[in-house]
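Engineer:
There are 2 protein chains.
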Amino acid sequence: MTKKISSAMDVAKKANVSQSTVSRVFTPGASVSEKAKRKVLQAAEELGYRPNALARGLITKKTGMVGLAMKDIQNPFYHEILGMFSEKLRKRGYTVLFVYTENEEIQQEEINHFLEYNVEGVIVTDALLSSKVVTRLHDNNIPITLFNRYDKHLSCNSVYCDNIRASKEIASYLYAQGCEDIVFITGKINTSTSRDRQLGFTSYLKNKGIDAAILEGDYTYEKSYHVTNEYIKNNRIPDAIFGANDITALGALDALKNNHIQVPQETIVIGFDDIKMASWPSHALSTWAQPIEQMVNETIDLMLSEINRSKPRKVTLNGTFIHRKTTR
Amino acid sequence: MTKKISSAMDVAKKANVSQSTVSRVFTPGASVSEKAKRKVLQAAEELGYRPNALARGLITKKTGMVGLAMKDIQNPFYHEILGMFSEKLRKRGYTVLFVYTENEEIQQEEINHFLEYNVEGVIVTDALLSSKVVTRLHDNNIPITLFNRYDKHLSCNSVYCDNIRASKEIASYLYAQGCEDIVFITGKINTSTSRDRQLGFTSYLKNKGIDAAILEGDYTYEKSYHVTNEYIKNNRIPDAIFGANDITALGALDALKNNHIQVPQETIVIGFDDIKMASWPSHALSTWAQPIEQMVNETIDLMLSEINRSKPRKVTLNGTFIHRKTTR
Chain F
1 MTKKISSAMD VAKKANVSQS TVSRVFTPGA SVSEKAKRKV LQAAEELGYR PNALARGLIT
61 KKTGMVGLAM KDIQNPFYHE ILGMFSEKLR KRGYTVLFVY TENEEIQQEE INHFLEYNVE
121 GVIVTDALLS SKVVTRLHDN NIPITLFNRY DKHLSCNSVY CDNIRASKEI ASYLYAQGCE
181 DIVFITGKIN TSTSRDRQLG FTSYLKNKGI DAAILEGDYT YEKSYHVTNE YIKNNRIPDA
241 IFGANDITAL GALDALKNNH IQVPQETIVI GFDDIKMASW PSHALSTWAQ PIEQMVNETI
301 DLMLSEINRS KPRKVTLNGT FIHRKTTR
Chain U
1001 MTKKISSAMD VAKKANVSQS TVSRVFTPGA SVSEKAKRKV LQAAEELGYR PNALARGLIT
1061 KKTGMVGLAM KDIQNPFYHE ILGMFSEKLR KRGYTVLFVY TENEEIQQEE INHFLEYNVE
1121 GVIVTDALLS SKVVTRLHDN NIPITLFNRY DKHLSCNSVY CDNIRASKEI ASYLYAQGCE
1181 DIVFITGKIN TSTSRDRQLG FTSYLKNKGI DAAILEGDYT YEKSYHVTNE YIKNNRIPDA
1241 IFGANDITAL GALDALKNNH IQVPQETIVI GFDDIKMASW PSHALSTWAQ PIEQMVNETI
1301 DLMLSEINRS KPRKVTLNGT FIHRKTTR
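The listed protein sequences derive, respectively, from chains F and U. For the first sequence, the working numbering gives the first residue as 1, with consecutive numbering after it. For the second sequence, the working numbering gives the first residue as 1001, with consecutive numbering after it.
#1: By Cβ distance, which residues of its chain are closer than 7 Å to U:D1254, with the 5 residues on each side in sequence left out?
#2: Could you confirm whether any beta carbon from chain U is found closer than 7 Å to the beta carbon of F:K3?
#3: Using Cβ-Cβ distances below 9 Å, what residues of the segment 1100-1117 of chain U are close to chain F?
#4: Quick one: using the 10 Å Cβ neighbour count with 16 as the cut-off for buried, is F:I111 buried or exposed?
#5: Could you check which residue in F:K152, F:C161, F:K188, F:F184 has the C-alpha nearest to that of F:Y204?
#6: Taking just the CA atoms, how far does U:G1319 sit from U:F1208?
#7: Would U:C1161 and U:D1239 qualify as a contact pair, given that the criterion is a beta-carbon distance under 7 Å?
#8: Tell me which same chain residues have a C-beta within less than 8 Å of the C-beta of U:S1131, skipping the five on either side of it?
#9: What is the DSSP secondary structure of F:L89, reduced to helix, strand or coil?
#10: May I ask you to report which of helix, strand or coil DSSP gives U:D1126?
#11: Can you look up U:T1095 in the DSSP assignment and give me helix, strand or coil?
#12: Can you name the start and end residues of the alpha helix (DSSP H) that F:G200 belongs to?
#13: Could you compute how far the alpha carbon of F:I189 sits from the alpha carbon of U:I1081?
#14: Using 7 Å as the threshold, is the C-beta distance between U:I1149 and U:T1193 below it?
#15: Which residues in chain U have a C-beta closer than 7 Å to the C-beta of F:R24? List them in chain order.
#16: Do you know how far the Cα of U:A1043 is from the Cα of F:S33?
#17: Would you list, in chain order, the members of the segment 1200-1225 of chain U that have their beta-carbon closer than 8 Å to a beta-carbon of chain F?
#18: Interface residues of chain U around F:F98 at Cβ under 7 Å?
#19: Straight-line CA distance for F:K14 to F:F26?
#20: Could you check the C-alpha separation between F:E222 and F:N245 for me, to the nearest Å?
#21: Residues in its own chain within less than 7 Å of F:M70 by CB, not counting five upstream and five downstream?
#22: Ordered along the chain, which non-local residues of its own chain (more than five positions away) have a Cβ less than 6 Å from that of U:G1251?
#23: Helix, strand or coil: how does DSSP classify U:E1216 here?
#24: Since F:G67 contacts F:V122 with CB under 8 Å, what's their CB separation in whole angstroms?
#25: Would a check of beta-carbon distances place U:P1281 closer than 7 Å to chain F?
#26: By alpha-carbon positions, which one of U:M1295, U:V1296, U:L1285, U:L1302 ends up nearest to U:I1322?
#27: Around the Cβ of U:R1324, are there at least 16 other Cβ atoms within 10 angstroms (buried) or fewer (exposed)?
#28: I'd like to know whether the C-beta of U:D1364 is nearer than 7 Å to at least one C-beta of chain F.
#29: Just verifying my parser: in three-state terms, what is the DSSP assignment at F:A289?
Written as structure tokens, this is what we have:
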């Protein structure tokens, strides 16, 4: 059933351009006029031509593939991110090679494919990286960009929200509301996001003479629901709870509701991320909106410029405090 | 900074096996003993050897890549699926080339990469396919498997839950509870999942002399919340609402709560999928659990057997009715 496969020469002839123009149209990042591009794509479409990316990748070392490694497939925050990366990279001529890691730390075996396929760059969202894996990728000239986190021990690009500043602003809001008995529920404690949110929050309050209670969460609804429940059993009802992400805050919110504690009248609840369901009426969660579109754009820009051999850089962005019905 | 790259010959020498054994270890689906595999992988690890998948792909036509196209990145159901596919395919030696489509129907441009990279198979979850795209893939000998849906006009493998049977069982439960005033909220009306769930549900009730009211949803929380709100304004409080998926049922549930209607005392609510948050105490949604792990396994098996040139097949699976707090 296989049809005759058209060649780049057929396309060049039909579009009335040179073969090298055809080749540039199908090479990510290559310079070509919009007009020529349109003519070539139309001719290619009509002829059913497809360039062989594998052959091109072997010759030009430009495979047009970007590796994306993710861990917390349960957190809606990262789903939105994945969709955005896929779409924006495609528009720039790249395709996503996706790896979900089930381990706390990315294993060599899991990213072997990134090496085998000569990806042009690797984006890592929430999974942890050992310096061994980073060295292995760098030895193969594959740049890595960390999304939504940084690791001072690793020589990588990083794009993240200024979590310290954001959580200071949240703390200052609660202080202005007269809250004194304040709880922070951590995320995974080995992540920069959780550490920085805790640091900004507690240091601001400490300066005002307030010691926030720290409950250990792990960025899951279940853990947060559990630790909030336990806390309420053994302590006074707190004035406010700040969860290290929205899922954490939603777990706390449900535990409060389950104990018939009125939000926000008795306790204020604030999350972080502004995932879509934070806006659902059943939650109406006040939260910090990360500028995710800008973060994704910056990540792609950094990665492509690293592909062009610049030095690793860190990009820090801000965001916005969104007040819904769990703040006053 | 680039290190000397080790060759397959170096690995063969170190592992004391033939070069062809080394090659088989790194070729998906090739036969090799566990003992030889262990020796080769250990030697490869020590030498930092990585096979060049692009070169291998050109020669053997086995690229070890599987294309996965997805649309509804907002539905948590598909996140769980994506993680599962990535993990299970990796364990069988394949990597996922991921495409998120923002359009209702997959565009040629969006899957061009699947063709360029010679993926060994394509899995399509919720995005729609034109027969033109299917023909294009088949012309290139790339088999397609539809996950969680079927399309009788397309010649593809399909793996899906028996939605008609499941929704009949839900209808029979409601009938046994004495419900008469019953609402069905559709998903996207051009999907087989929504059509079949509606068909099974309404045909069972029709047989019992009950005409279910049909509200048009689109598998989003927002639309379902809106149509339920409108319905309640203009009609009696229904005895039961069945949403075409969990997100739809959660939108209806919140609209009911917002109108101070007691669930399940006044109205029963049932969803479909059993996404993780259906079990959260704030929702405690009764729902139909699709056997997703089995569905993912069957999809991979079908795809790999199609790669080995069998004929397209359809696999229909069942699932389980999960009772939480929105049923009596």
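Note that the Cβ used here is the ideal one computed from N, Cα and C, for glycine as well.
Structural biologist: Quick answer:
#1: Within its own chain, the residues whose Cβ lies closer than 7 Å to the Cβ of U:D1254, once the five positions on either side in sequence are excluded, are Y1225, listed in chain order.
#2: Note that F:K3 scores 45 on pLDDT, short of 50, meaning its location in the model is unreliable; the coordinates nonetheless yield the value given after this. Judged by the 7 Å Cβ criterion, F:K3 is in contact with chain U.
#3: Taking 9 Å as the upper bound on Cβ-Cβ separation, chain F lies near residues Y1100, T1101, E1102, Q1108, E1109, E1110, N1112, H1113, F1114, L1115, E1116, Y1117 of the segment 1100-1117 of chain U.
#4: Burial call: buried.
#5: Ranking the options by Cα distance to F:Y204, first place goes to F:F184.
#6: This sequence places Lys at residue 1208 of chain U; Phe is not what is there. Spanning the two alpha carbons is a distance of roughly 24 Å.
#7: Not closer than 7 Å, so no.
#8: Same-chain partners within the cutoff: H1153, L1154.
#9: Collapsing the DSSP output to three states places F:L89 in a helix.
#10: Three-state DSSP puts U:D1126 in coil, outside helix and strand.
#11: Residue state, collapsed to three classes: strand.
#12: From DSSP, the alpha helix (DSSP H) with F:G200 extends over 192-207.
#13: For F:I189 and U:I1081, the distance between alpha carbons rounds to 27 Å.
#14: Checking the displayed sequence, the identity of residue 1149 of chain U turns out to be Arg instead of Ile. In this structure, U:T1193 lies closer than 7 Å to U:R1149 by Cβ.
#15: Those within 7 Å of F:R24 in chain U number zero; the least Cβ separation is about 15 Å.
#16: Across the structure, F:S33 and U:A1043 are spaced so that their CA atoms are roughly 49 Å apart.
#17: Of all residues in the segment 1200-1225 of chain U, Y1221, Y1225 have a Cβ within less than 8 Å of some Cβ in chain F.
#18: Simply S1086, V1096, F1098.
#19: So the alpha carbons of these two residues sit roughly 16 Å apart.
#20: CA-to-CA, the gap between F:E222 and F:N245 works out to about 13 Å.
#21: The answer, listed in chain order, is Y78, L82, Y100, T125, D126, A127.
#22: Result list for U:G1251: Y1221, S1224, Y1225, in chain order.
#23: Three-state result, U:E1216: coil.
#24: The Cβ separation is near 4 Å, so the contact holds.
#25: Chain F, which has a Cβ nearer than 7 Å to the Cβ of U:P1281, makes this yes.
#26: Here the closest residue by C-alpha is U:L1285.
#27: Per the 10 Å Cβ criterion, buried.
#28: With chain U covering only 1001 through 1328, there is no way to say anything about residue 1364 of chain U.
#29: Looking at F:A289 - three-state DSSP - the assignment turns out to be strand.
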